[in-house]
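Contents: one structure, followed by commentary.
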Amino acid sequence: MADTTKSKSLFEKAKQFIPGGVNSPVRAFRAVGGNPIFMQKAKGAFLYDEDGNEYVDLINSWGPMILGHAHPIVEEAVKSALSGSPSFGAPTAREVEMAELICSILPSVERVRMVNSGTEATMSAIRVARGFTGRDKIIKMEGCYHGHGDSFLIAAGSGALTFGTPDSPGVTKGTAQDTLIAPFNNLKAIEHIIDQNKNQIAAIILEPVVGNMGTVLPQPGYLEGLRKICDKHGVVLIFDEVMTGFRLALGGAQQRYNVRPDMTTMGKIIGGGLPVGAYGGKKEIMDHVSPVGPVYQAGTLSGNPLAMAAGLAMLKYLKANPAVYTNIDKQTTTLVDGLNGQIKKAGLNYSINAVGSMFTLFFNDQHVIDFDTAKTSDTQTFAKYFQAMLAQGIYMAPSQYEAMFISNSVDDAIVNRILESSEKAFAQLKV
Ligand SMILES: *Cc1c(COP(=O)(O)O)cnc(C)c1O
616 MADTTKSKSL FEKAKQFIPG GVNSPVRAFR AVGGNPIFMQ KAKGAFLYDE
666 DGNEYVDLIN SWGPMILGHA HPIVEEAVKS ALSGSPSFGA PTAREVEMAE
716 LICSILPSVE RVRMVNSGTE ATMSAIRVAR GFTGRDKIIK MEGCYHGHGD
766 SFLIAAGSGA LTFGTPDSPG VTKGTAQDTL IAPFNNLKAI EHIIDQNKNQ
816 IAAIILEPVV GNMGTVLPQP GYLEGLRKIC DKHGVVLIFD EVMTGFRLAL
866 GGAQQRYNVR PDMTTMGKII GGGLPVGAYG GKKEIMDHVS PVGPVYQAGT
916 LSGNPLAMAA GLAMLKYLKA NPAVYTNIDK QTTTLVDGLN GQIKKAGLNY
966 SINAVGSMFT LFFNDQHVID FDTAKTSDTQ TFAKYFQAML AQGIYMAPSQ
1016 YEAMFISNSV DDAIVNRILE SSEKAFAQLK V
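As numbered in my numbering, residues 616 to 1046 make up the sequence shown, in order.
Pasting the structure below:
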């Protein structure tokens, strides 16, 4: 067992000043027990904690570090932006370059506005969709997470799911009643809701591939079906690609599944590790945003030079190097095949959902297609497996209901190291 004394004492001190000792709940390890590990630095596929222990990173800052940690391209870009002042509160050339690049990568996005987080992106997107349609209600899918905006903390995934408080106190009944919930992968439910709320639905928002109840794939025809329903009823279709954007393909899930939303929300990868979000879509919709239109949305640090520099460096690299996607998808397939082999060999019946470089090992003998199937997972056995992996230096997402990510720094040797550790972890589950 690694010595984690410094992490333990930092956590004790953190709890005296920060709620639960962390600035985002899942980091506290409540779902898996034990103490959170405090990280000091990272390089490529490896994290190093305050006690000097090394870990293979399967979280990648929850997505952004698609090239691995401390990539020289991103580092150089941020350094050069820093020397020109970290913020102006006035427009800059980098923002123009970023917007042009995003529009060139995503054909569905004709105009894009930068914000500072995925949460801000989704909050703003539904405000614009409401302003555009003149309607109040939105439909979200059970188990999808769109950040911590009030309208979305209703049947939200991951953190909320893990803590068993899908409806957070502090969200007013008035707000909650404008968010209607449908199960993921269920077109009939959407048709029913729209039927019951004629001309009242402004938008349908979803993760086109869900990452936030664990990885859940859209079934064939689902995204296409949503597209048709939205066209028929004048509903704005919003793909929340904060996680999947620039990951499942350069053009995200919408490219991979070939379905065009009306609006897209982005985050994570486009900041290269700095705090960023963005929302965009059709010109006719985005022209409702202030100052060209009446829907207000603003940000003191939006389009921040450091964040733009990091994100631009990242996106340009991804655009110039399509081999990144070939590699991360291939490594993920090898890893998932290996894990499936171990599951079978151990006489277990667990299911793995994977697409591109995202995957979740569900401790569940059902195929997970929605929130109902996800929540029957054996979270206690997951926690044991997680701890057995951590003890061997494999840093997994500390909750059953999260996606894990493979970065471009992962090579065959690292995949083997993960698989060897997993073999031992499965063996420990038996005793
Ligand atoms: C992470 C995430 C968000 C929230 O982004 P933050 O930057 O954490 O506010 C929203 N939607 C999805 C799909 C996400 O994965």
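From the three backbone atoms N, C-alpha and C, an ideal C-beta is built for every residue, glycine too.
Residue i CB to nearest heavy atom of ligand 1 below 8 Å
i       : result
Gly888  : no
Ala744  : no
Thr975  : no
Tyr911  : no
Met654  : no
Gln945  : At residue 945 the sequence reads Lys, which differs from the Gln that was named. Flag unset: Cβ of Lys945 not near ligand 1.
Ser732  : yes
Asn827  : yes
Ala708  : no
Gly1008 : no
Ala736  : yes
Gly895  : no
His982  : no
Gly749  : no
Glu822  : yes
Lys755  : no
Val857  : yes
Thr880  : yes
Tyr1016 : no
Tyr760  : yes
Gly678  : yes
Gly892  : yes
Lys630  : no
His1047 : Residue 1047 is absent from the model: the chain starts at 616 and stops at 1046.
Lys883  : yes
His763  : yes
Beta-carbon spacing of residue i, residue j below 9 Å
i       : j       : result
Ile754  : Ile816  : yes
Leu697  : Leu921  : yes
His761  : Thr787  : no
Ala925  : Val891  : yes
Leu863  : Val970  : yes
Met729  : Thr859  : no
Tyr1000 : Ala961  : no
Val689  : Met929  : yes
Ala646  : Ala998  : yes
Phe854  : Glu822  : yes
Ile900  : Met878  : yes
Phe644  : Asn650  : yes
Ile1033 : Leu721  : no
Ile695  : Phe653  : Reading the sequence as shown, one finds Ser at residue 695 and not Ile. Not in contact: Ser695 and Phe653 (Cβ atoms no closer than 9 Å).
Ala657  : Ala1006 : no
Gly918  : Pro706  : yes
Ile884  : Ile633  : no
Val825  : Gly733  : no
Glu710  : Met1011 : no
Val641  : Glu1035 : no
Proximity winner among the options, relative to residue i (alpha-carbon distances)
i       : options                           : result
Pro876  : Thr790, Gly764, Val851 and Gly887 : Val851
Gln792  : Arg726, Ile885, Ile769 and Lys813 : Ile769
Ile819  : Phe978, Leu841 and Val857         : Leu841
Leu802  : Gly785, Ser783 and Gln834         : Gln834
Pro1013 : Pro784, Ser783 and Thr994         : Thr994
Val693  : Ala1042, Gly888 and Thr915        : Gly888
Ile1029 : Glu669, Pro634, Gln631 and Glu665 : Glu669
Gly886  : Val910, Ala708 and Trp677         : Trp677
Ser783  : His684, Ala797, Ile652 and Gly764 : Gly764
Gly1008 : Asn731, Asn964, Asp666 and Pro640 : Asp666
Lys752  : Phe767, Gly758 and Tyr911         : Phe767
Val910  : Tyr965, Arg745, Asn675 and Glu856 : Arg745
Per DSSP, cross-strand counterpart(s) of residue i
i      : result
Thr879 : Phe854 and Gly895
Asp672 : Tyr1010
Val831 : Val825
Phe978 : Paired residue(s): none; Phe978 is not in a bridge.
Lys658 : Phe661
Thr794 : Ile753
Asn968 : Thr975
Gly887 : Leu889
Residue-level contact to chain C via CB, residue i, 9 Å cutoff
i      : result
Lys990 : Judged by its chain identifiers, the structure shown contains no chain C, having just a single protein chain.
Counting beta carbon pairs with one atom in the stretch 902-920 and one in the stretch 932-948, are three or more of them shorter than 8 Å? The stretch 932-948 makes no contact with the stretch 902-920; the number of CB pairs closer than 8 Å stays below 3.
Inter-stretch contact (C-beta, 8 Å, three-pair minimum) for the stretch 841-853 and the stretch 863-872: Result no; under three Cβ-Cβ pairs closer than 8 Å.
Is it a yes or a no for the stretch 889-902 touching the stretch 714-721, going by three-plus beta-carbon pairs under 8 Å? The stretch 889-902 and the stretch 714-721 touch, with no fewer than 3 CB-CB distances between them shorter than 8 Å.
State whether the stretch 1015-1035 contacts the stretch 940-952, with contact taken as three or more CB pairs (one from each stretch) at a distance under 8 Å. Touching, yes, given that three or more Cβ pairs across the two stretches are closer than 8 Å.
Any chance the stretch 968-986 sits against the stretch 623-631, with 3 or more Cβ pairs inside 8 Å? No: the two stretches stay apart, fewer than three of their Cβ pairs being nearer than 8 Å.
Quick one: any contact between the stretch 697-706 and the stretch 801-821, if contact means 3 or more CB pairs under 8 Å? With a cut-off of 8 Å, the stretch 801-821 and the stretch 697-706 do not count as touching, because too few Cβ pairs lie within range.
Counting pairs of Cβ atoms below 8 Å between the stretch 822-840 and the stretch 986-993, do you hit three or more? Result yes; three or more Cβ-Cβ pairs closer than 8 Å.
I'd like to know if the stretch 872-889 and the stretch 654-672 are in contact, where contact means that at least 3 CB-CB pairs between them fall below 8 Å. Between the stretch 872-889 and the stretch 654-672 there are fewer than three inter-stretch CB-CB distances shorter than 8 Å, so the stretches are not counted as touching.
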